[in-house]
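Residue numbers (full-length UniProt numbering): 1 to 321.
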């Protein structure tokens with residue numbers, strides 16, 4: 001995007017300056033100065049200027065590879081809508097009912113909110129949890145699902161939300177026109193695992209236990225949709241569905257990778273984004289970028305398997321332009 005360059009050009013213009021008087025020993029030797037006419041400089045509203053810039057183009061793809069030991073319980077979602085777009089991965093466990101439910105209903109509960117804010121998104125996730133738990137109770141289903149979602153508000157502002165419940169993760173290679181350094185690779189979500197010090201502290205305060213890095217020695221993720229057998233009376237607050245939500249702005253010419261823990265357990269943020277960037281570097285024009293996103297997803301999955309991952313592996317790659 002040309003926003004930063006345009007603003008720099010606007011502020012580098014030489015505005016006329018008038019001096020009321022010059023006072024130094026040889027001032028009397030100088031000819032009289034003619035009055036300088038002041039020229040009004042129009043006010044530039046940067047927010048309006050930003051809104052007038054072209055919206056980001058999003059290219060994306062996904063890949064999902066099953067574990068050699070069981071059916072694929074992962075799911076992925078790529079939704080492009082008029083109000084918002086959603087990119088998400090779901091990591092199911094104990095069956096695929098929970099992950100399938102989140103995939104099929106996340107957009108609906110978000111769209112029921114009149115406005116997307118942190119609080120309204122949290123309310124949407126709470127609705128998702130409540131309805132699924134009723135369904136799971138009737139079906140006597142004890143599956144659960146972690147998910148991470150990138151929500152992009154489609155109003156030209158490039159405003160985005162990251163929503164995370166559990167141990168899926170989104171990491172990004174972001175290119176900033178104004179920041180230092182210009183390129184940064186970093187996670188945009190925190191893994192909710194029982195082994196995490198903050199999550200372990202929360203579980204212990206709620207009266208729970210963490211054994212061998214698992215809630216009550218059973219469940220590795222500490223937040224999920226479903227898992228009703230871990231949310232019975234006497235175990236309140238041990239495993240929760242409360243999402244961690246952050247708000248920010250998408251960066252142009254950047255890469256966002258969402259993946260399940262089958263990737264992150266064996267690959268670092270830097271390794272995953274290096275793979276994605278190297279693959280996307282092979283092309284930078286039109287339709288071919290979608291194909292490059294697909295190759296990046298496949299390359300990430302293949303590398304995770306080579307590193308020893310035996311879990312389900314799902315990745316979504318989003319490229320901004």
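Even glycine gets a Cβ: it sits at the ideal position worked out from N, Cα and C.
Can you tell which of the options has the C-alpha that lies nearest to the C-alpha of residue i?
i           : options               : result
residue 91  : 252, 300, 223 and 231 : 223
residue 191 : 146, 237 and 106      : 146
residue 103 : 257, 73, 253 and 240  : 73
residue 338 : 309, 320 and 291      : This structure gives no information on residue 338, because the portion of the chain shown stretches from 1 to 321.
residue 117 : 84, 134 and 141       : 84
residue 62  : 307, 310 and 301      : 301
residue 331 : 260, 193 and 274      : Residue 331 lies beyond the residue range present for the chain, which begins at 1 and ends at 321; the question has no answer from this structure.
residue 269 : 304, 288 and 149      : 304
residue 111 : 86, 101, 177 and 99   : 86
residue 189 : 148, 291 and 196      : 148
residue 143 : 99, 156 and 119       : 99
residue 226 : 77, 241 and 291       : 241
residue 260 : 310, 293 and 135      : 310
residue 164 : 125, 281 and 275      : 125
residue 243 : 150, 135 and 296      : 150
residue 298 : 276, 283 and 58       : 276
Return helix, strand or coil for residue i, following the three-state DSSP convention.
i           : result
residue 168 : coil
residue 38  : Per-residue confidence for residue 38 stands at a pLDDT of 39, beneath the threshold of 50, marking its modelled position as unreliable; no derived number is given.
residue 314 : strand
residue 239 : coil
residue 214 : strand
residue 149 : strand
residue 181 : coil
residue 74  : strand
residue 355 : As shown, the chain starts at 1 and ends at 321. That puts residue 355 outside it, with no answer to give.
residue 321 : coil
residue 295 : helix
residue 267 : coil
residue 91  : strand
residue 262 : helix
residue 233 : coil
residue 97  : helix
residue 128 : helix
residue 56  : coil
Can the beta-carbon of residue i be found closer than 8 Å to that of residue j?
i           : j           : result
residue 245 : residue 153 : no
residue 251 : residue 199 : no
residue 228 : residue 105 : no
residue 220 : residue 214 : yes
residue 81  : residue 160 : no
residue 172 : residue 186 : yes
residue 158 : residue 273 : no
residue 60  : residue 263 : no
residue 97  : residue 141 : yes
residue 257 : residue 308 : no
residue 113 : residue 122 : no
residue 312 : residue 67  : yes
Please classify residue i as buried or exposed, where buried requires at least 16 other C-beta atoms within 10 Å of its C-beta.
i           : result
residue 182 : exposed
residue 279 : buried
residue 128 : buried
residue 204 : exposed
residue 314 : buried
residue 217 : exposed
residue 108 : exposed
residue 93  : buried
residue 169 : buried
residue 89  : buried
residue 156 : exposed
residue 281 : exposed
residue 306 : exposed
Give me whichever residues DSSP pairs with residue i in a beta bridge.
i           : result
residue 246 : 162
residue 65  : 313
residue 275 : None; residue 275 has no bridge partner.
residue 204 : DSSP, once it has assigned bridges, lists no residue as partnering residue 204.
residue 85  : 80 and 152
residue 186 : 172
residue 221 : 193
residue 142 : Answer is none; residue 142 lacks a bridge partner.
residue 322 : Within the shown structure, residues of the chain are numbered from 1 to 321, placing residue 322 beyond reach of any answer.
residue 257 : 171 and 317
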